[in-house]
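Residue numbering for the sequence shown follows our numbering, starting at 7 and increasing by one per position.
Written out below as structure tokens is the structure these notes cover.
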Amino acid sequence: MLLFVLLTSFVRQSWNLGVAFLCFWLFIENLIYAVNAIIWFDNADVKLYAYCDLVTRVLIVTFVVKPMATLIITRRLYLITSRQSVRPPSKAIGRRDCAIEWTLGLVIPILVAGPLYYVVQWLRFEVDAGYGCRNAPEPSGLTILLLLSWAVVPPLVSVLVYYPHVARIFYHQHQDVNRFLRSDGPDSVSRASFFRILALASIDTLFTLPVGIASITLSVTAAIAQDSFPFYFGWARSHTDWEPASFTQADIASVGTSSVVEHYFTQWTSPVLAFVIFGLFGFTSEARTSYWKIVCAICGWFGWKSVSRARSGPDSSLGSIEFGARAPQGSVSFGLGSQPGIVISNAHAREIAIEGRGENGMGEVKGGSLNEAVVEVALQVQKDRSCVTRPEEDRENAEAEAPAVDATSAV
7 MLLFVLLTSF
17 VRQSWNLGVA
27 FLCFWLFIEN
37 LIYAVNAIIW
47 FDNADVKLYA
57 YCDLVTRVLI
67 VTFVVKPMAT
77 LIITRRLYLI
87 TSRQSVRPPS
97 KAIGRRDCAI
107 EWTLGLVIPI
117 LVAGPLYYVV
127 QWLRFEVDAG
137 YGCRNAPEPS
147 GLTILLLLSW
157 AVVPPLVSVL
167 VYYPHVARIF
177 YHQHQDVNRF
187 LRSDGPDSVS
197 RASFFRILAL
207 ASIDTLFTLP
217 VGIASITLSV
227 TAAIAQDSFP
237 FYFGWARSHT
247 DWEPASFTQA
257 DIASVGTSSV
267 VEHYFTQWTS
277 PVLAFVIFGL
287 FGFTSEARTS
297 YWKIVCAICG
307 WFGWKSVSRA
317 RSGPDSSLGS
327 IEFGARAPQG
337 SVSFGLGSQP
347 GIVISNAHAR
357 EIAIEGRGEN
367 GMGEVKGGSL
377 NEAVVEVALQ
387 VQKDRSCVTR
397 PEEDRENAEA
407 EAPAVDATSA
417 V
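See below:
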């Protein structure tokens, strides 16, 4: 579902990078949880070392990205309401904003999952029955500062610095917000889309901030229950006997209720947040259009064509051009005689126009529109008809006048 949301062009816009980060990493995190639950459904066997080494660090990245995405979203909404424009004032400011967002959404999470996690990495990884491989930081105060604090600090900055301004502007000046949101041409956004992003930031804050506080509280509670919670165990002790460890359900429960609650709490917040995002962005008209394009593309792989593609051919793009009956006397007319009408199909209209121009010395067509070419053909037909019928009319008038002249002369 999150992949479908990512396919919509609204989510992939440059100013919407926070939502794109959140959707992508939530998808990766839920995929990892699903694979782990299948592989270690009823066992705690230590296996798949390379997979677990990669997965444990990716889970730290997703742990940091979720609160960072909240900060990116609320900061972007703050900038939009402050500048009263979706676009940045200049390219330099736009590049600076982009660099800040990529730093918050990618560079800092990678640094946390890499060197910062290695400082407090207690084991290579641990395998929990029913949950799979997980990261294993040491229970210390430095772990809270280097790892767990990222789930609290960015949401607090969002709530205390950016969110009040955005909510106040959106509530008190909603008409002005709607005006400048639609005044940026291709980058304009509707009020409903702006409200969805604001709602996502609010819900994400409600998820990430309590989860961060709960993670710190439960970690401290579990460490105190084991009578060991120093600020730091030291580099030598943290990186000695570094082999993976496995824990059964009984081992997890023996640590205390807080450990069990922490496992369930951290496991289910991401799927719930994924459903919330799909509910906000997965049923919009743009999203449904993207789904239809995907269905058409898949059908095209198997040689099937949608109704819209089947009807669109070289002869059906412009339809038929029809000239009606001759207009009344004194009005502008194409002079097509008393025929009920002439219909020129698209397939041959341009050929007729070119032939008509070539035969009557009108020059060649140099890229004019099809309607102008047909109109010129009709005017040429009118001219030809007048050239043909006028001598006949003059001869008839001469024959009618000749007897009258003879009778006069006879008298």
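Here a beta-carbon is modelled for each residue, glycine too, at the ideal position from N, C-alpha and C.
At which residues does the beta strand (DSSP E) containing residue i begin and terminate?
i: R63; result: Element bounds for R63: not the beta strand (DSSP E) but the alpha helix (DSSP H), 55 to 89.
i: E132; result: 132 to 134
i: F253; result: 251 to 253
i: R140; result: 138 to 140
Please determine whether the Cβ atom of residue i lies at a distance below 6 Å from any heavy atom of the ligand ATP.
i: R174; result: The ligand ATP is not part of the structure shown, which contains no ligands of any sort.
Just curious, the alpha helix (DSSP H) that residue i is in, first and last residue?
i: A157; result: That residue, A157, is in no alpha helix (DSSP H); it is neither H nor E in DSSP.
i: F289; result: Careful: F289 lies outside any alpha helix (DSSP H) and carries neither H nor E.
i: L117; result: 114 to 117
State the Cα-Cα distance for the pair residue i and residue j, rounded to the nearest angstrom.
i: V226; j: S91; result: 45 Å
i: P115; j: I99; result: 24 Å
i: Y55; j: R294; result: 41 Å
i: V159; j: Y57; result: 30 Å
i: G138; j: H171; result: 42 Å
i: Q241; j: V125; result: Position check: residue 241 holds Trp in this sequence, whereas Gln was assumed. Straight-line Cα distance between these residues: approximately 7 Å.
i: V436; j: T211; result: Lying before the first or after the last residue shown, residue 436 is absent from the chain, which here runs from 7 to 417.
i: D48; j: N42; result: 11 Å
i: E107; j: W310; result: 42 Å
i: F239; j: I222; result: 18 Å
i: C104; j: Y84; result: 15 Å
i: A259; j: I230; result: 16 Å
i: T76; j: G288; result: 19 Å
i: V70; j: Q273; result: 15 Å
i: T290; j: T263; result: 42 Å
i: S244; j: F200; result: 47 Å
i: G285; j: P236; result: 44 Å
i: I304; j: S296; result: 12 Å
i: L151; j: Y123; result: 11 Å
i: T109; j: R101; result: 12 Å
i: P95; j: V61; result: 41 Å
i: I45; j: G306; result: 36 Å
Grouping DSSP H, G and I as helix and E and B as strand, with all else coil, what is residue i?
i: V371; result: Any answer about V371 is weak, because its pLDDT of 43 lies below 50 and its placement is not dependable; what the coordinates show is given next. Of the three classes helix, strand and coil, the one that applies to V371 here is coil, per DSSP.
i: N36; result: helix
i: P95; result: coil
i: H245; result: coil
i: V217; result: helix
i: P170; result: helix
i: I236; result: The sequence given here places Pro at residue 236; Ile does not occur at that position. P236: coil per DSSP, three-state reduction.
i: W46; result: coil
i: V25; result: helix
i: G309; result: coil
i: D51; result: coil
i: G262; result: coil
i: E357; result: Reliability of the predicted coordinates at E357 is poor, the pLDDT of 46 falling under 50, and the value obtained from them is presented with this limitation in mind. In this structure, E357 counts as helix in the three-state DSSP scheme.
Go through its chain and collect everything with a Cβ distance to residue i's Cβ below 6 Å, but skip five positions before and after it.
i: A119; result: R63, I66, V67
i: V133; result: A50, V52, C139, S252
i: T275; result: F213, V217
i: E31; result: A quick correction: the sequence has Trp, not Glu, at residue 31. Around W31: T68, V71.
i: L279; result: F213
i: G147; result: F237
Counting only the same chain and skipping the five closest in sequence on each side, list residues whose C-beta sits under 7 Å from that of residue i.
i: V25; result: V17, I79, I203, L206
i: A220; result: F271
i: Q255; result: A135, G136
i: L23; result: I78, E107, G111
i: V267; result: L224
i: P73; result: W156, A157, P160, P161, T214, G218
i: Q163; result: Note that residue 163 is Val in the sequence shown here, rather than Gln. L77, listed in sequence order.
i: F281; result: none
By DSSP's criteria, residue i is part of a beta bridge. Which residues make up the other side?
i: P143; result: Q127
Got a sec? Which residues, its chain only, sit under 8 Å from residue i by beta carbon, not counting five neighbours each side?
i: Q232; result: P145, V261
i: E398; result: Because the pLDDT of E398 is 49, which lies under 50, any placement of that residue in the model is unreliable, and the question is left without a value.
i: S234; result: P145
i: P277; result: N36, Y39
i: L129; result: A142, W248, E249, P250, A251
Return no unless some Cβ of chain B is closer than 7 Å to the Cβ of residue i.
i: P115; result: Annotation note: the requested chain B is absent from the structure, which comprises a single protein chain.
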